Each structure stands twice: as C-alpha cells, then as structure tokens.
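Protein sequences appear in the order of chains A and B.
Numbering-wise (the working numbering), the first sequence opens with residue 259 and increments by one.
Numbering-wise (the working numbering), the second sequence opens with residue 260 and increments by one.
C-beta: ideal position from N, C-alpha, C; glycine also.
As the structure is a prediction and not an experimental result, all values here were calculated from the model.
Heads up: the structure comes next, in structure tokens.
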Amino acid sequence: MNTVTYNIPAHLFNSYQGQQVIVRSDNPSDLVRYLSRANLGNVLYAQLTSPEVDLDPLSTWASPLPVDVFLRSPAVEYPLLYNFSKLLDKHPVRISISVKNGFVKAVRLALALGFSVKLEVGQPDASLIAEMAEVLDLYLHRSEVSQPVEYFHSTFLSFFNHKQSPNLWLVQEEDPEQFRFITNEGEETVSPRFGETNWKDLKPIFTAEHKLNEKTECDGCEFLERCGGYFKWPNKEFDCEGVKTLFSGLNLAAEELRNDLASFRELPGVLPT
Amino acid sequence: MMRNHLSVIFLPTNKCNVNCEYCFENKTADRMSLDQLSAVTVKLLDFMEESSISSLTLHWQGGEIMTMPVEWFEQAHERIGALAQARNKRVDHGLQTNMIAYTPRWNRIVKEMFGNSVGTSMDYPNLYRKMFRGGPDDYARIWKRNIQAAREAGINIGVISIPNQETLKHGADSFYSFFVDELGITDFQVNTPFPGGELNDTKRNLELENEELSRFFLDLTDIWVERGLAEGIKLGPIDQLIAHFSGEPSCLPCIWQSNCADEFISIDARGFVAQCDCWVTSYPEYFFGNIFEHDTLSGLLKNSTARREFVDRPAAIVDKDCIECAYLSLCHGGCPVRTYTMRHTLLEKDPYCYLYKSLFRHTETVAARLAGARVDRKDFHKALVHTGKGKSCGGSSQTSAPATWQTQPLVQLERRKPAVI
Numbered sequence: 259m260n261t262v263t264y265n266i267p268a269h270l271f272n273s274y275q276g277q278q279v280i281v282r283s284d285n286p287s288d289l290v291r292y293l294s295r296a297n298l299g300n301v302l303y304a305q306l307t308s309p310e311v312d313l314d315p316l317s318t319w320a321s322p323l324p325v326d327v328f329l330r331s332p333a334v335e336y337p338l339l340y341n342f343s344k345l346l347d348k349h350p351v352r353i354s355i356s357v358k359n360g361f362v363k364a365v366r367l368a369l370a371l372g373f374s375v376k377l378e379v380g381q382p383d384a385s386l387i388a389e390m391a392e393v394l395d396l397y398l399h400r401s402e403v404s405q406p407v408e409y410f411h412s413t414f415l416s417f418f419n420h421k422q423s424p425n426l427w428l429v430q431e432e433d434p435e436q437f438r439f440i441t442n443e444g445e446e447t448v449s450p451r452f453g454e455t456n457w458k459d460l461k462p463i464f465t466a467e468h469k470l471n472e473k474t475e476c477d478g479c480e481f482l483e484r485c486g487g488y489f490k491w492p493n494k495e496f497d498c499e500g501v502k503t504l505f506s507g508l509n510l511a512a513e514e515l516r517n518d519l520a521s522f523r524e525l526p527g528v529l530p531t
Numbered sequence: 260m261m262r263n264h265l266s267v268i269f270l271p272t273n274k275c276n277v278n279c280e281y282c283f284e285n286k287t288a289d290r291m292s293l294d295q296l297s298a299v300t301v302k303l304l305d306f307m308e309e310s311s312i313s314s315l316t317l318h319w320q321g322g323e324i325m326t327m328p329v330e331w332f333e334q335a336h337e338r339i340g341a342l343a344q345a346r347n348k349r350v351d352h353g354l355q356t357n358m359i360a361y362t363p364r365w366n367r368i369v370k371e372m373f374g375n376s377v378g379t380s381m382d383y384p385n386l387y388r389k390m391f392r393g394g395p396d397d398y399a400r401i402w403k404r405n406i407q408a409a410r411e412a413g414i415n416i417g418v419i420s421i422p423n424q425e426t427l428k429h430g431a432d433s434f435y436s437f438f439v440d441e442l443g444i445t446d447f448q449v450n451t452p453f454p455g456g457e458l459n460d461t462k463r464n465l466e467l468e469n470e471e472l473s474r475f476f477l478d479l480t481d482i483w484v485e486r487g488l489a490e491g492i493k494l495g496p497i498d499q500l501i502a503h504f505s506g507e508p509s510c511l512p513c514i515w516q517s518n519c520a521d522e523f524i525s526i527d528a529r530g531f532v533a534q535c536d537c538w539v540t541s542y543p544e545y546f547f548g549n550i551f552e553h554d555t556l557s558g559l560l561k562n563s564t565a566r567r568e569f570v571d572r573p574a575a576i577v578d579k580d581c582i583e584c585a586y587l588s589l590c591h592g593g594c595p596v597r598t599y600t601m602r603h604t605l606l607e608k609d610p611y612c613y614l615y616k617s618l619f620r621h622t623e624t625v626a627a628r629l630a631g632a633r634v635d636r637k638d639f640h641k642a643l644v645h646t647g648k649g650k651s652c653g654g655s656s657q658t659s660a661p662a663t664w665q666t667q668p669l670v671q672l673e674r675r676k677p678a679v680i
C-alpha cells in the first residue's frame, strides 16, 4: 500500500502531523514559521504558490528542504525567477510552470538558472503544443540544460530503460492513490485542476477498466501505458495528436541515445559497462 | 541576500603607488586601521551567521595593497583568524597586487595568508600602466623584475591582461608568446576594457570594436588549444569555457554569473560598500552605504536602493533579447559596470555581447571537437582547474550542477542533500 501525500495549506500543517505532506503557501514567512520547528521527515517539499514574495525568510533558513515555486502566469512572472537563484545553494528548487501562452520563456530562464522544471500541462491546444515542442528540444538537445523537465524526463527515462513506467498521473502528482490536494478550506481533492470534485468520484478515470470499457482514442494508443489517459481529462474528446508527437519525439531520442551508447561501447578500447 | 558563500573584494587602502591611465578607481589617501578591520570582520561574520553562510573569501586589493606594511597584514591575518574561529566560520584570502612594491619581505605572509599565490596585471603591449615618474616601459621593467623574483621565491603568479588597440594589431599569437614564451607565465586571464572612473582621453578611446576583439579571442582560443592545453597553461576565461562545455567543473568570471549581486560585495578603506571594486571608489551614487555607519551589513544591504538596482538588473533586461539567447545560462546580460560606463545605464545588456556570443559558440565547438578527439582526460582536467581574481569560485559560483530536484516517481520522493551547505 502506497503512502498518500497530502498537498496542504501551511495553516493546516498541525492537522496533518504524522502524514506525508507537501506544504504550500504564498508567503515564505508562513512556510518557515510552520516548518522551522517541525520534524521535516514527513515533509516532501515546500511549495510557494506565487513568485511575488519577499524571499528573505527562505534565503536565511538553514533547512535543506526542497522548494517548489508555482508560476500561474509564466509569460509575465518569469523574470521573478532571478530572485530564487540564491536559494539553490541551500535547497533543491523546482519551478512548476502552468502551460499557457508564452510559458516557454519561463522554461528557458528556469533552466538557464539551474532549476528543475515541472510542466503543469492540462489539455494543450496547437499553439501550446508548439511551445512544448520547443521545450522538448531544449530538454533533449541543449548542452546548457542540466536539470530535468517533467513530465518529459520521467517519460524519456522510461523509454530509454524500456521499463514499465509510472504513468503521467503519478509523474504529475495527481494519482489519487498517492496524492491528494487539500483546499484552503480543508476539502480533499486530487489536484487544483479537479476543482471541488471529490477524489473518490474521479477514481474510475484512472482505472484500466474504464479505458477498456469505452471506445476512445486511447484504445490501441502506443503511449497509453505511459500516459494513462492523462490528457483525456477533463474533456475526454481532447485530440491527442499533438501530445502524441511529443511522446514520439521522446521515444525517438531515447532510441537514438541507446544506439549511440551501443556504438560507443563497440569502439576499440572502450570497456563494456 | 547572498548565497552560501560570501565573497568580498576588500580594499583596506585606497592609496596607489602607480599612475595608470585607464584605472577605474578614484584614489584617496585613506587606509583602514586594524581596529577598523576588526569591526568590519565582526560585521561580516554577523552577516554570515544571520544568512546561514559558512565561508568567506576576502579578495584583498587596493588602491595598491602593497602600500600597506607587511606587519599590518601579519596582524590582520591573526585577528581575522581568531574572530572567524570563534564563530566557527571559514575565511580564505586572495591577493591582487601590481607587484611594483614587492620585496622578499612579503614572501612569508604571501605563503601563510594567501596560499603562496598572487594575482597581478600586465598588458601587451603596455600602453597605460605607468609610474608617477616614468612611462610604461619603466613600469614594465620593474614589474618583470619583481615577478621574476617572486617566482624564484616559489610564489605562483596569475596575470590579468586587458587588450588594447595595439594588442589587436599585434594579434593573438604575439600576445600569447609574450606571456607564455617570453615571461614564462602559466596562468593568465584576458579581461575586456571599460572606461570606469573619471574620464580622460585614454578612457574615451578604450572601448574596442566587437568584431576585431572577437577575432582576437577566437584566435587566442585556437592558439591555446594548440600550444597551451597539453602543457597545462591556464588561460581564463577560455579554458573555463571549454571546461564548462565539456561538462567539467568550471569557474567562470564574475561577468558571467546569473547575478553578481548575489555573489559578492566590495568594501573600501573608508568603509563604503558597493557592488565591486569598479564601483566602490568611483561612483558615490551607487554606494550601498558605509559599514561603519550601519549596525549590521544585512540592514545596510536590505535598505540600499542602489543595491536594489543591481539585484533587479538581470530580471529587468532579460526580456529585451537575452531570453532568446542560446547562452542565457552563461551570461544573463553580462557585466553591470561595462554596461554603465559604455552605455550610461544599467538597464542594457553588456556592450560586449557580440564578443561573448562568438566566444561561447567557438569554445562550445572546440569542446565538442576535443571530446571527439578523446583528449587524455587527466591532462585535460589538469589544465582546466583555475582560480583567481574576478572569478568568485571556491564558493558558490563554481558551475557544477546545483542541488537537483529529485525526480519522481522514477526515483521515489526522497530529499537530496543540497550540493553546498
């Protein structure tokens, strides 16, 4: 049985003692106030829900707790990422970026500053797919990029290792078997994009039975195992053509890297690994 | 305010013993007493404690540092060491000097305090470094004599050089030969010129044309790869760029940090605090404050509107065209003082952008070629380890990978220790 991780607002921290939690706030002082006296063994990371904050409390906080920063309006907010670079010496920092028009600038800067990136992707239209393709190219091919971009990174590794991968629900921290989102009012759901819907009502959409019982684009899709129907929510009529090209790109790159490594091992003087 | 390592460019004296035409400092007769030094040290250590910073590097310079007595340094070293030890903090020291006043009396303190290394400066040809009485040739003659004596005493010499119009006319080959073959220098760094401080005729003509300067740097790169790399010659920033593009640990100069305001400050003999030595004597409007007049360094920095301009600069200019640049992660708009002195604003990118991009592209290509040629990794690595002035490495600026977000769920959600804490 997996442990469930609860994404909770900082003011509910005391109510979730003993549970595995992600603690979020739009105020660094709150995070430090609630977390500095706590046992951090059960805290997965702290999440700042806005980048427009006074970072001094976090900058001077000695704890190495990972910090996630959420950009809701990335095209506008992205220059604020410079303020967070000083956190990197003390904390692993990930930037969660809402996939909205112009978000590629935020990804560019986040990667240039050495942050990990997570794309909050939803159901991207054609223009967003084009931006995602640009991000995929950065992630796969630019030597300056040294940090993971999720969900690309986990998916790439699963293609590369030929391993059964956790599907996107889990990568995106939205699998209700493992993640629950607690609203500011204390209501339990799966993630912000599910709104007020109770997670138990959503359970069927994650199950294989559901996908097999209905004739959908997912039937026979070569990427179903890795995707898990993630892009069919909330609009199950969503056309996956664009996201499939991204999966294909990841698959091809993994194959190319595997072939390159195999050729390298065949070079004279190179020991097999 | 700062990262986990604090670097301070420290000027205990504003006095100089030479009269270089392109110097960006406005000299004064001020020098710091040992009691003032102790007061500054205590405030730096307080700041480190408040900010959870564990180590400090003091980059000592002036004015001219060797106008201070050797005995002053012996006592300074002792005082700083005792204060740091009491607070469980680490303090390292670097020395930048023109070497004109060097005598063997300096050898012991150079060894004990500065790791037996000094940074100094010389140009080829030397046009602008002058004695108060005597021209560039007199300066060069004394400098050569003194670095020779220091080297014979076992001191490691690192040289910073600024190209001028004549350098470009002579070309990269002559430049390299002068330092490496003629002087036997094995560690040098090329910086770009800027007209800092009070303007004069020399400074008005200091800026070099980007394409010509790029050609020089690119030629120099090729010459170093051909003649210097295997010999272990250090040539910044070229060797560090190639290390960077080779995936090796590297130490890039201060002009190529995500934000120099996160990396270091400078304090002069009067206690003025500013972004770096290029600002701290010459631009009062950009002073952050005076450390002797503030209870804490953190309060001084936090309340300084001048500092805010430096902190905000990369974010303010990134959308102009840096965001589209393939080398954003290396440069972030470049150097504030080069921008300010040549464009009269902080809110533009570095005027040497064209040069930087050309050099990044070229060194990236060279690194790929070297990787392809499967250079002997041992020699390659040896050639790429470098420290010195203008590079705040040893602390947070080394461009090894930052603490990485643990990817999940491929590697289950465990926290990793940050790289530096």
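* Asked: Considering only the beta carbon of each residue, do H352/B and I312/B sit closer than 8 Å?
  -> Within the second sequence, residue 352/B is the residue found at index 93, counting from 1. Within the second sequence, residue 312/B is the residue found at index 53, counting from 1. Going by beta carbons, H352/B and I312/B fall outside the 8 Å limit.
* Simplified DSSP state of W483/B, which is helix, strand or coil -> The sequence position of residue 483/B within the second sequence is 224, counting from 1. Helix.
* Asked: Taking only beta-carbon atoms, is F547/B less than 8 Å away from chain A?
  -> Walking along the second sequence from the start, residue 547/B turns up at place 288. It does not: the Cβ of F547/B has no partner Cβ on chain A nearer than 8 Å.
* Asked: Hey, out of F361/A, R523/A, S321/A, whose CA is closest to A388/A's CA?
  -> Position 130 of the first sequence, counted from the first residue, corresponds to residue 388/A. Nearest option by C-alpha distance: F361/A.
* According to the Cβ coordinates, are P452/B and I421/B closer than 8 Å? -> Taking the first residue of the second sequence as position 1, residue 452/B is located at position 193. Taking the first residue of the second sequence as position 1, residue 421/B is located at position 162. Their beta carbons are under 8 Å apart, which means P452/B touches I421/B by this criterion.
* Could you tell me whether the region 402-416 of chain B touches the region 454-461 of chain B, where touching means 3 or more Cβ pairs closer than 8 Å? => The answer is no - the region 454-461 of chain B does not touch the region 402-416 of chain B, with fewer than three Cβ pairs under 8 Å.
* Name the chain B residues that come within less than 8 Å of L367/A, Cβ to Cβ? -> Taking the first residue of the first sequence as 1, we reach residue 367/A at position 109. Residues of chain B whose Cβ lies closer than 8 Å to the Cβ of L367/A are, in chain order, V577, I582, L587.
* To do: State the Cα-Cα distance for the pair T598/B and F437/B, rounded to the nearest angstrom.
  => Counting from 1 along the second sequence, the entry for residue 598/B is found at position 339. Counting from 1 along the second sequence, the entry for residue 437/B is found at position 178. In a straight line, the C-alpha of T598/B is about 30 Å away from that of F437/B.
* DSSP bridge partner residues for S374/A (one or two, in chain order) -> As a first step, residue 374/A is located in the first sequence; it is residue number 116 there, counting from the start. Within the DSSP secondary-structure output, S374/A pairs in a beta bridge with R352/A.
* To do: Please decide whether N347/B counts as near chain A, where near means a Cβ-Cβ distance under 8 Å.
  => Looking up residue 347/B in the second sequence gives position 88. Answer no: the Cβ-Cβ gap between N347/B and chain A never drops below 8 Å.
* Beta-carbon neighbours of L338/A, restricted to chain D and to distances below 7 Å -> The displayed structure is made up of protein chains A and B, and chain D is not among them.
* Asked: Should K348/A go down as buried or exposed, given a rule of 16 or more other Cβ atoms within 10 Å for buried?
  -> On the first sequence, residue 348/A is found 90 positions in, with the first residue counted as 1. Residue environment for K348/A: buried (at least 16 other C-beta atoms within 10 angstroms of its C-beta).
* To do: Look up I492/B in the DSSP assignment and give the residues it is bridged to.
  => Here residue 492/B refers to the residue found at position 233 of the second sequence. Note: I492/B sits in no beta bridge, so no partner.
* Asked: Which whole runs of the alpha helix (DSSP H) in the region 280-304 of chain B are 4 residues long or more, in chain order?
  -> Segments of the alpha helix (DSSP H) lying fully in the region 280-304 of chain B: there are none.
* To do: Give the range of the beta strand (DSSP E) segment to which G378/B is assigned.
  => Numbered from its first residue, the second sequence carries residue 378/B at position 119. Unbroken beta strand (DSSP E) run through G378/B: 376-380.
* **N506/A: first and last residue of the uninterrupted alpha helix (DSSP H) it sits in** => Here residue 506/A is taken as the residue at index 248 of the first sequence, counted from 1. The residue asked about is misnamed: residue 506/A is Ser in this sequence, not Asn. Start and end: 499-524.
* To do: Can you pull the chain A residues whose beta carbon is under 7 Å from the beta carbon of D521/B, in chain order?
  => Here residue 521/B refers to the residue found at position 262 of the second sequence. Within 7 Å Cβ-Cβ: S343, K344.
* Go ahead and pull the three-state DSSP assignment for G558/B. => The count along the second sequence starts at 1 and reaches residue 558/B at position 299. Secondary structure of G558/B (DSSP, three-state): helix.
* In whole angstroms, what is the alpha-carbon distance linking K494/A and E475/A? -> Mapped onto the first sequence, residue 494/A falls at position 236. Mapped onto the first sequence, residue 475/A falls at position 217. Going by the C-alpha atoms only, they are around 9 Å apart.
* Thinking just about the alpha-carbon of each residue, which of N518/B, N423/B, N278/B, M381/B is nearest to the one in F391/B? -> Counted from its first residue, the second sequence places residue 391/B at position 132. Ranked by Cα distance from F391/B, the first of N518/B, N423/B, N278/B, M381/B is N278/B.
* Does the Cβ-Cβ distance between A520/B and F569/B come in under 8 Å? -> Residue mapping note: residue 520/B aligns to position 261 of the second sequence, counting from 1. Residue mapping note: residue 569/B aligns to position 310 of the second sequence, counting from 1. Their beta carbons are under 8 Å apart, which means A520/B touches F569/B by this criterion.
* To do: Please list, in chain order, all residues of the same chain as D580/B whose beta carbon is under 8 Å from its beta carbon, the five residues on each side excluded.
  => On the second sequence, residue 580/B is found 321 positions in, with the first residue counted as 1. Closer than 8 Å at Cβ, skipping near neighbours: K608.
* To do: Measure the Cβ-Cβ separation of E330/B and K274/B and say whether it is below 8 Å.
  => Numbered from its first residue, the second sequence carries residue 330/B at position 71. Numbered from its first residue, the second sequence carries residue 274/B at position 15. It is not a contact, given that the beta carbons lie outside the stated cut-off.
* C-alpha gap between V357/A and F373/B, whole angstroms -> Translated into the one-based positions of the first sequence, residue 357/A becomes position 99. Translated into the one-based positions of the second sequence, residue 373/B becomes position 114. Cα to Cα, the separation comes out at about 51 Å.
* Going along chain A, which residues have a C-beta under 8 Å from N263/B? -> Along the second sequence, one-based indexing puts residue 263/B at 4. Within 8 Å Cβ-Cβ: D347, K348.
* **Separation of P271/B from E378/A, as counted between CA atoms** => Position 120 of the first sequence, counted from the start, is the residue given in the question as residue 378/A. Position 12 of the second sequence, counted from the start, is the residue given in the question as residue 271/B. So the two alpha carbons sit approximately 52 Å from each other.
* To do: Flag S517/B as yes if its beta-carbon sits less than 8 Å from any beta-carbon of chain A, otherwise no.
  => Position 258 of the second sequence, counted from the first residue, corresponds to residue 517/B. S517/B counts as touching chain A.
* Kindly confirm or deny that the region 493-502 of chain B and the region 438-451 of chain B touch, where touching means at least three C-beta pairs closer than 8 Å. => When Cβ pairs closer than 8 Å are counted between the two stretches, the region 493-502 of chain B is seen to touch the region 438-451 of chain B, the count reaching three or more.
* Whole-Å CB distance - G486/A paired with L426/A, under 8 Å assumed -> On the first sequence, position 228 is the one that residue 486/A refers to. On the first sequence, position 168 is the one that residue 426/A refers to. A Cβ-Cβ distance of about 6 Å is found for the pair G486/A and L426/A, placing them in contact under the 8 Å criterion.
* Asked: Three-state secondary structure (DSSP) at G631/B?
  -> What you label residue 631/B is simply residue 372 of the second sequence in a count that begins at 1. Helix at G631/B.
* Status (buried if at least 16 other CB within 10 Å, exposed otherwise) for G654/B -> Taking the first residue of the second sequence as 1, we reach residue 654/B at position 395. Summary for G654/B: the model assigns pLDDT 41, below 50, so the residue's position carries little reliability, and this model does not support an answer.
* To do: Report the three-state DSSP secondary structure of D446/B (helix, strand or coil).
  => Start at 1 with the first residue of the second sequence, and residue 446/B comes out as number 187. Strand at D446/B.
* **Inter-residue Cα distance where the pair is E411/B and V403/A** => Position 152 of the second sequence, counted from the start, is the residue given in the question as residue 411/B. Position 145 of the first sequence, counted from the start, is the residue given in the question as residue 403/A. The straight-line gap from Cα to Cα measures roughly 45 Å.
* Proximal residues of chain A, C-beta to C-beta of S236/B below 8 Å -> One cannot answer for residue 236/B here, as it falls past the ends of chain B, which runs 260 to 680.
* With 9 Å as the limit, tell me which residues of the region 435-456 of chain B have their beta carbon closer than that to any beta carbon of chain A; keep them in chain order. => So nothing in the stretch comes that close.
* Taking only beta-carbon positions, decide if F504/B is within less than 8 Å of chain A. => Within the second sequence, numbered from 1, the residue matching residue 504/B stands at position 245. Chain A has a Cβ within less than 8 Å of the Cβ of F504/B.
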